[in-house]
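Inspection log for the structure reproduced underneath, given as structure tokens.
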Amino acid sequence: MTAMSARRPRRRPTKWRPIVTGALAMAVAFVVFVVPFLFIALQAVKNRRDASRLNFAWPSEWQAWQNFRDVISERNYMLLLAYFNSTVITVGAVALLIVLAAMVGYVLQRRRSRLNGIVMALVLAGLMIPPAVVPTIWVLQGLGLFKTIHGMILIQVAYGLSFSVLLYRAFIATIPKELDEAAIIDGAKPLQVFFRVILPLLRPVTVTLIVVQSIAIFNDFTNPLYYLPGRENVTVQLTLYNFQSQFSSQMNLLFMNVLLVTIPPLIVFIFFNRQIVAGMTAGAVKG
Amino acid sequence: MAEVQLRGVSKSFGGLEVIKGIDLTVASGEFCVFVGPSGCGKSTLLRMIAGLEEVTDGEIRIGGRDVTDAEPSARGIAMVFQNYALYPHLTVAQNIGFGLSLARMPKAEIEAKVRAAADTLQLTHLLDRKPKALSGGQRQRVAIGRAIVRDPKVFLFDEPLSNLDASLRAEMRLEIADLHGRLDATMIYVTHDQVEAMTMADQIVVLNGGRIEQAGTPMELYRRPDTPFVAGFLGSPRMNLFNGDAARAMGTGVYGIRPEHVLLSPDRGRWQGRVRHVERLGADAIIYLDVPQLGELVARTGGDTTLGPGAQVWATPQDGAEHRFGG
Ligand SMILES: Nc1ncnc2c1ncn2[C@@H]1O[C@H](COP(=O)(O)OP(=O)(O)OP(=O)(O)O)[C@@H](O)[C@H]1O
Ligand SMILES: [Mg+2]
Numbered sequence: 011m012t013a014m015s016a017r018r019p020r021r022r023p024t025k026w027r028p029i030v031t032g033a034l035a036m037a038v039a040f041v042v043f044v045v046p047f048l049f050i051a052l053q054a055v056k057n058r059r060d061a062s063r064l065n066f067a068w069p070s071e072w073q074a075w076q077n078f079r080d081v082i083s084e085r086n087y088m089l090l091l092a093y094f095n096s097t098v099i100t101v102g103a104v105a106l107l108i109v110l111a112a113m114v115g116y117v118l119q120r121r122r123s124r125l126n127g128i129v130m131a132l133v134l135a136g137l138m139i140p141p142a143v144v145p146t147i148w149v150l151q152g153l154g155l156f157k158t159i160h161g162m163i164l165i166q167v168a169y170g171l172s173f174s175v176l177l178y179r180a181f182i183a184t185i186p187k188e189l190d191e192a193a194i195i196d197g198a199k200p201l202q203v204f205f206r207v208i209l210p211l212l213r214p215v216t217v218t219l220i221v222v223q224s225i226a227i228f229n230d231f232t233n234p235l236y237y238l239p240g241r242e243n244v245t246v247q248l249t250l251y252n253f254q255s256q257f258s259s260q261m262n263l264l265f266m267n268v269l270l271v272t273i274p275p276l277i278v279f280i281f282f283n284r285q286i287v288a289g290m291t292a293g294a295v296k297g
Numbered sequence: 560m561a562e563v564q565l566r567g568v569s570k571s572f573g574g575l576e577v578i579k580g581i582d583l584t585v586a587s588g589e590f591c592v593f594v595g596p597s598g599c600g601k602s603t604l605l606r607m608i609a610g611l612e613e614v615t616d617g618e619i620r621i622g623g624r625d626v627t628d629a630e631p632s633a634r635g636i637a638m639v640f641q642n643y644a645l646y647p648h649l650t651v652a653q654n655i656g657f658g659l660s661l662a663r664m665p666k667a668e669i670e671a672k673v674r675a676a677a678d679t680l681q682l683t684h685l686l687d688r689k690p691k692a693l694s695g696g697q698r699q700r701v702a703i704g705r706a707i708v709r710d711p712k713v714f715l716f717d718e719p720l721s722n723l724d725a726s727l728r729a730e731m732r733l734e735i736a737d738l739h740g741r742l743d744a745t746m747i748y749v750t751h752d753q754v755e756a757m758t759m760a761d762q763i764v765v766l767n768g769g770r771i772e773q774a775g776t777p778m779e780l781y782r783r784p785d786t787p788f789v790a791g792f793l794g795s796p797r798m799n800l801f802n803g804d805a806a807r808a809m810g811t812g813v814y815g816i817r818p819e820h821v822l823l824s825p826d827r828g829r830w831q832g833r834v835r836h837v838e839r840l841g842a843d844a845i846i847y848l849d850v851p852q853l854g855e856l857v858a859r860t861g862g863d864t865t866l867g868p869g870a871q872v873w874a875t876p877q878d879g880a881e882h883r884f885g886g
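Just so you know, the protein sequences line up as chains Z and E, in that order.
Counting from 1 along the first sequence, just add 10 to a position and that's the residue number in our numbering.
Counting from 1 along the second sequence, just add 559 to a position and that's the residue number in our numbering.
Here it is as structure tokens:
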């Protein structure tokens, strides 16, 4: 009896613990992520006077639509141009990145050659050695790619390639080689083996990479700042930088701008969230 | 239908010679089985015939044509892998028709061929499933279906049944044998299961250490093994083999007698021994004897034997069933 009663109170807290820690985690996440976001959203819909106080007070006047129009039309519709540029850079770079990284990962994993060691060293170097800005600009100038969108795309591909190649290579190692061989016997040429058998099986990694890289490239601030100067080359993140001084007395517009900059990556994340998790946990080939 | 000829075929990985000069002819329409212990090079040899592994030296001919350096798809072969190697992202129908769609055959024609192959293998109701949703036996049938639609001259199988359980294996064995009868194609089949080898083969090729130890029909190899290795490899339980003093006393290097050729008698015979253990299999019983002159001797006898452990018996080899190697 005594043993029983001694044990009982010790069990109870272990039932409560997940709930308490869960609630605590939610609270921390709320304070860290949700509160700032609400703050931004709230300021973005206020009028100029209310917004300048920077508090959580309810807006005296709702002018979300007007703020939105003002930000968009600022400096001859610079934000729209920025969205266009950012979209071109992100889509172009991610598409190139996926195809190139998957191909390099495939060849690195499957072909045994003396070059593998060298290529692997280069890939790792790309991951470890920080890029130097000024020499990169020299190279871009030499190639006539400085201040061009496609130059920027190539820069983003180069920066993302190492990580993507390593991820693909590790995943391809889990795909049995017999699958390639079966396709070869079925008459597939090397490119057909890759595009019709291997690439479809890489989907979990591809989805993860699309999300991670597109958010990173879309959110990139410093690289466009260095490699893509010029009014007509502005990207979404740079609009904030350009508008900052001008909006210092118009906090409502500044926050509307922040909101517009934040939303696209958020949408991508919400849209692909489930598939990222599924991709991280799934093996390549079952059975 | 095509004859497969290997002439002096050898293979080295780096400096290591794995296949050491193989000469072999597999007749047109024949079912040839490669057997041998693990690591003897069965898979490597099969993959060289398929064209998945380069030939270091020698020549491979299929249907009289030199294919030593030909692409796998140009050799008129199809291969079934041990782990099935089905394309996980394609349905059964797409898996079977993959090669045809690569060859840009019209859709209707592909569908007809896939359907015909599926009918032969009782896969029709599974055509829309993904491989994930199939049992092991069904997956293996899909893999065979993928081979059939290519209409190959030579089928290559690399241990196709070793991932299946015993009863399914017996069933698939029969199905493959049926298929061979129906298609009349040349088949080369790798296994290390001697029951598969004995029951399915027209010709068994016993490999050991990258060389052909002996090749012939199952009964030839069973009755007249050239070497103790072959003698011990085929037959279950394995042949009793004796060397050293016991063999020298019988005037040979290695002496062999199969368990089914050891006659037991209560009062007379060549060797006297004591029963150590009896395994009753129903129709037969396997008797393990301790014989002072030889060591352990295994005998197969009727299932209704009354012998038990500790009994004294006499054992005699059946006339003409003894094997003497290197004597
Ligand atoms: N790619 C390779 N590189 C180096 N050595 C290899 C390679 N493939 C096979 N080998 C070696 O060749 C020998 C024969 O291998 P193989 O796979 O043909 O054996 P096997 O008879 O099929 O055996 P198992 O019954 O286990 O499948 C083995 O010693 C193996 O280690
Ligand atoms: Mg093998």
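We put the beta carbon where it would ideally sit given N, CA and C, even for glycine.
Values in this document were obtained by computation on a predicted structure and should not be read as measured data.
- Inclusion of V585 (chain E) and I747 (chain E) in the CB contact set at 8 Å is warranted, their separation being smaller than that value.
- The C-beta distance from G854 (chain E) to F792 (chain E) rounds to 20 Å, too long to meet the 8 Å contact threshold.
- By the criterion of at least three beta-carbon pairs nearer than 8 Å, the region 760-774 of chain E is in contact with the region 589-598 of chain E.
- According to DSSP, residue pairing for N799 (chain E) in a beta bridge involves E:I816.
- Just so you know, the alpha carbons of G768 (chain E) and D582 (chain E) end up roughly 15 Å apart.
- Listed by position along the chain, the residues with Cβ atoms less than 7 Å from a non-hydrogen atom of ligand 2 are E:K601, E:S602, E:D717, E:E718 and E:V749.
- By alpha-carbon distance to P825 (chain E), the top candidate from E:G740, E:I655 and E:T875 is E:T875.
- Taking 7 Å as the cut-off, the C-beta of V764 (chain E) does not count as close to any heavy atom of ligand 1.
- For A774 (chain E), the uninterrupted beta strand (DSSP E) segment begins and ends at R770 to G775.
- The distance from the Cβ of I619 (chain E) to that of L565 (chain E) is about 6 Å, consistent with a contact at the 8 Å cut-off.
- In terms of Cβ geometry, T750 (chain E) and K712 (chain E) do not form a close pair [threshold 8 Å].
- Interface with chain Z (8 Å Cβ-Cβ cutoff): Y748 (chain E) is excluded.
- In this structure, the straight-line span from the alpha carbon of T146 (chain Z) to that of L269 (chain Z) is close to 32 Å.
- The C-beta of M638 (chain E) comes closer than 8 Å to at least one C-beta of chain Z.
- For A198 (chain Z), a Cβ of chain E is located within less than 8 Å of the residue's own Cβ.
- The alpha helix (DSSP H) runs lying completely inside the region 572-610 of chain E and spanning 4 residues or more are 601-609, given in chain order.
- Within the DSSP secondary-structure output, F716 (chain E) pairs in a beta bridge with E:V639 and E:Y748.
- Around the beta-carbon of V821 (chain E), 16 or more other beta-carbon atoms lie within 10 Å, marking it buried.
- Within the DSSP secondary-structure output, K570 (chain E) pairs in a beta bridge with E:I578.
- Within the model, the alpha-carbon separation for M138 (chain Z) versus T650 (chain E) is close to 42 Å.
- One finds nothing in chain Z with a Cβ atom closer than 7 Å to the Cβ of N802 (chain E); even the nearest lies about 41 Å away.
- Contact between K157 (chain Z) and G102 (chain Z) fails: their C-beta atoms lie close to 16 Å from each other, not under 8 Å.
- Here D616 (chain E) carries a strand assignment [DSSP, helix/strand/coil].
- Secondary-structure assignment with DSSP links D843 (chain E) through a beta bridge to E:G861.
- Close partners of N767 (chain E) in chain Z (Cβ separation under 7 Å) are lacking, with about 25 Å as the shortest Cβ gap.
- Interface residue (Cβ-Cβ distance to chain E less than 8 Å): P186 (chain Z) is classified as such.
- Around V207 (chain Z), the beta-carbon contacts reaching into chain E at under 7 Å are Y646.
- Non-local C-beta neighbours of F788 (chain E) in its own chain, meaning closer than 8 Å and more than five positions away in sequence, comprise V765, N767 and E772, ordered along the chain.
- Proximity to R606 (chain E) across E:A790, E:S587, E:T758 and E:R634 peaks at E:R634, based on C-alpha coordinates.
- For Q762 (chain E), there is no enclosing alpha helix (DSSP H); the residue is found in the beta strand (DSSP E) stretching over Q762 to N767.
- Proximity of I194 (chain Z) to chain E, defined by a Cβ-Cβ separation below 8 Å, is satisfied.
- A check of alpha carbon separations from D687 (chain E) across E:N654, E:R705 and E:L661 identifies E:N654 as the nearest.
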